[in-house]
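Novice: Those protein sequences? They're chains X and S, same order as listed. Numbering follows this note's numbering, in which position 52 of the first sequence is assigned residue number 48; successive positions increment by one, without gaps. If you want this note's numbering, it's the 1-based position in the second sequence plus 113. All C-beta atoms in this analysis are idealised placements derived from N, C-alpha and C, irrespective of residue type, glycine included. Fair warning: this is a prediction, and the values are worked out from it, not measured in the lab. Mind looking over this structure? Questions follow.
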Amino acid sequence: MSRPRPYERTIRTPEGVSFTIPLAGPVRRGMAWSLDLLMVMALSGAVSAGVHSLAPLSRDLAQALAILAYFVLSVGYGVLLEWFFRGQTLGKRVFSLRVLDVRGLPLSFPQVMIRNLLRFVDSLPLFYMLGGLASVISPRAQRLGDIVAGTVVALEKDFAPPDLAQIQPEKYNSLSAWPHLVARLRHRATQEQADLALDAVLAREDLLPGARILLFAELARGFSGLVPFPPEATEGMSDEKYVRNVVQGLFAGGGRH
Amino acid sequence: MIVDLARFVENGRPSWEELARVLTALSKNPEREMSPEEIARFHFLYQKASSDLSRLHAQSGDRGMKSYLETLVARAYGEIHGSRPSRRVRLRDAAAWFFLAFPRAFRRRFAAFALCFLAVALGALFGAGALVADPQAKEVLLPFSHLLGNPSERVAQEESGESDAGKNAASFSSYLMTHNIRVSIFALALGMTFGVGTVMLMFYNGVILGAVAADYVMAGEGLFVTGWLLPHGSVEIPAFIIAAQAGLVLAGALLSRNRGIPLAHRLREALPDLTALILGVGMLLAWAGVVEAFFSQYHEPVIPYAAKIALGFLNLFILVWFLSRAGWKKEAP
């Protein structure tokens, strides 16, 4: 079994299935925290302005309420939001982050409470230096509060399935006229070769033109070395088209002649 | 073996999308109760997605597809295997926590409290002894300007009614509550230093307490200082020590080599007690802040010292009774 990459958490379920949770790095978390800090300051300012309207009645009472409001907001903001919104504050929501139990389970209240209270240590000596250092060193990007509470901050992914239109079998595929050769190719190609070709086809729009030409030329050379197709099957075909046809053959059961 | 991705997606998509809809509904309304049929269907969809993911892991396939299925399985796994405690705040639960969970956690972790109490007591003895032996050390022992003056002059000023006590009682009370709770959270968090910082903080506070008490007693103002500190100190000082107790519980979980239990498990076991203790401390300090601002700062002739000292002892008695007896009968053996 390969070693998990940094900032990932691999979990094996009782059903015997493994899945990987991508974890947030310190920079993204820092940005979310900055937004939360701005929120706390804005809310405190608004509450302070509100309670000071009570000053004509009692200046002492208005000041007392302002002190309490700032305290509740600064300490309670993270606790309350992460509890009621299942691991998300406003900053975390904007930056697609969510706090989870390190075992991939939802948070308990003690976990939310303790990870937020230990910010007092993480923020030492200033600007979250200790917590930032801990999260850089930790393979799970955990600050000290996370380590004690047994939590990680995961990157939220949406439920949108990937677009597989590039390999749909409806498109014309000249290689499918030789199904025995396609079957041989499926047998001889390694998983790594197949995965690489699939990734290249799906990510073609993200590649620079020069890099794309070089990559598909290299992939085409590799596949043609495994199973040579007759010249009429590949005549006038670009390397990219050839690889695309190969991928359709590998992953989409061939294609239409 | 390379999976036929197109057929794989065609076959799996309806059940994956149904699972995604269930998870989205649960995310929007976590309190929603599912019927037995819905639960059974949810489990089926989870197992189907798990099986598909397992097949994709074993065979070659698109990384985006794997990532999509991993997201579905991860979220469903969390919903099925994790508890879903209610987010509603009920008064009954809050009362049960304060009157049961807090004192039980205190008793369960009493050794840590005793150690912190010892640190404060030793600090107080050291502070008092140092001031008696070397009165010039006052500036070092008490680095607060309002404590450096002559105790008798302070008493005369307080008793003449010239002080500002009572003019800003509400804001002073709020300040004391929030400041003391912050210090308590800090005492808990210092448990991360394997308890060294927590014990040092307790010792240092003990030094200040002992030096102040000795300073006033030596000046013949023992009655005043008792009436001044006891009403709120009888709650505030134990509350600080309980916060430090939580710090040592944390340190104990970090340091323990007991039965080869992994660190993560030891910390997980300690979390409920840490939470109960620190929330309890918050409640105690809120009460202490009210007493200090609205009672302790008034002196004779406004409030007789005997009444202030009696309130202090009453506070202490109730606190000791509460921590030692509350929830005792229902406590699990």
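#1: Where S/Leu387 and S/Ser437 are concerned, what is the direct C-alpha to C-alpha distance, given to the nearest angstrom?
#2: With DSSP run on the structure shown, which of helix, strand or coil describes S/Ile355?
#3: In whole angstroms, what is the alpha-carbon distance linking S/Ile354 and S/Leu231?
#4: Apart from the five residues on each side of it in sequence, which residues of its chain come closer than 8 Å, Cβ to Cβ, to X/Trp29?
#5: Kindly indicate which residue of S/Ala133, S/Val268, S/Ala208 and S/Asp206 has the alpha-carbon position closest to the one of X/Asp154.
#6: Under a CB-based cut-off of 8 Å, is X/Arg136 close to chain S?
#7: In chain order, what residues of the stretch 405 to 416 of chain S put their CB closer than 7 Å to some CB of chain X?
#8: Assign X/Gly251 to one of two classes, buried (16 or more other C-beta atoms within 10 Å of its C-beta) or exposed (fewer than that).
#9: Starting from the C-beta of S/Val404, find all residues in its chain whose C-beta is less than 6 Å away, skip the five residues before and the five after it, and write them out in chain order.
#10: Just by C-beta distance, which residues in the stretch 47 to 62 of chain X are closer than 9 Å to chain S?
#11: Do the stretch 278 to 296 of chain S and the stretch 46 to 65 of chain X meet, that is, are 3 or more Cβ pairs less than 8 Å apart?
#12: For the beta strand (DSSP E) holding X/Arg94, just list the boundary residues, first then last.
#13: So what's S/Arg220 in DSSP terms, helix, strand or just coil?
#14: Does the beta-carbon distance from X/Arg180 to X/Val148 come in below 8 Å?
#15: Can you tell me which of the three DSSP states X/Thr336 falls into?
#16: Counting only beta-carbon separations shorter than 8 Å, does S/Phe299 have a partner in chain X?
#17: Provide the residue(s) that pair with X/Thr147 in DSSP beta bridges, ordered along the chain.
#18: Let me confirm a value: S/Thr291 is counted as buried when at least 16 other C-beta atoms fall within 10 Å, else exposed. Which label applies?
#19: Cα-Cα, which of S/Asp117, S/Ala269, S/Glu271 and S/Gln358 is closest to S/Ser297?
#20: Can you check whether the C-beta of X/Met(-3) is within less than 8 Å of a C-beta belonging to chain S?
#21: Between which two residues does the beta strand (DSSP E) holding X/Phe260 run?
#22: Would you mind telling me which residues of chain S sit closer than 8 Å to X/Ile133, beta carbon to beta carbon, in chain order?
#23: Would you give the residue range spanned by the alpha helix (DSSP H) that S/Lys141 belongs to?
#24: State the Cα-Cα distance for the pair X/Gly41 and S/Ser287, rounded to the nearest angstrom.
#25: Please decide whether X/Val90 counts as near chain S, where near means a Cβ-Cβ distance under 8 Å.
#26: With 16 as the cutoff for other CB atoms within 10 Å, does X/Thr186 come out buried or exposed?
#27: Are the CB atoms of S/Gly236 and S/Leu301 nearer to each other than 8 Å?
#28: Grab the span of the alpha helix (DSSP H) containing X/Pro22 for me, first residue to last.
#29: I want to know whether the stretch 154 to 170 of chain S touches the stretch 115 to 126 of chain S - three or more CB-CB distances under 8 Å.
#30: So what does DSSP say about X/Glu152, is it helix, strand or coil?
#31: Helix, strand or coil for X/Glu78 per DSSP?
#32: Under 7 Å from any heavy atom of the ligand HEM, does the C-beta of X/Gln244 make it?
#33: Could you tell me whether the Cβ of S/Pro143 comes closer than 8 Å to any Cβ of chain X?
#34: Could you check if X/Met37 is buried or exposed, using at least 16 other CB atoms within 10 Å of its CB as the buried criterion?
#35: Please confirm whether X/Arg184 and X/Gly245 have their CB atoms less than 8 Å apart.
#36: Under the three-state reduction of DSSP, which class applies to S/Glu272: helix, strand or coil?
Specialist: By the coordinates alone:
#1: 18 Å
#2: helix
#3: 10 Å
#4: Gly87 and Tyr124
#5: S/Ala133
#6: no
#7: none
#8: Legend: pLDDT at X/Gly251 = 45, less than 50; position of this residue unreliable, value from coordinates given subsequently. Classification of X/Gly251: buried, given that the 10 Å Cβ count is 16 or more.
#9: Pro344 and His345
#10: Ser54, Arg55, Asp56, Leu57, Ala58, Gln59, Ala60, Leu61 and Ala62
#11: yes
#12: Leu93 to Asp97
#13: helix
#14: no
#15: Residue 336 of chain X lies beyond the range of chain X shown here (-3 to 253); nothing can be said about it.
#16: yes
#17: X/Asp97
#18: buried
#19: S/Gln358
#20: No answer about X/Met(-3) holds up, because its pLDDT of 47 lies below 50 and its placement is not dependable.
#21: There is simply no residue 260 of chain X to check, as chain X begins at -3 and stops at 253 in what is shown.
#22: In chain order: nothing, as chain S lies at least about 15 Å away.
#23: Leu118 to Lys141
#24: 18 Å
#25: no
#26: exposed
#27: no
#28: Pro22 to Val47
#29: yes
#30: coil
#31: helix
#32: Among the components of this structure there are no ligands whatsoever, and the ligand HEM is therefore not found.
#33: yes
#34: exposed
#35: no
#36: helix
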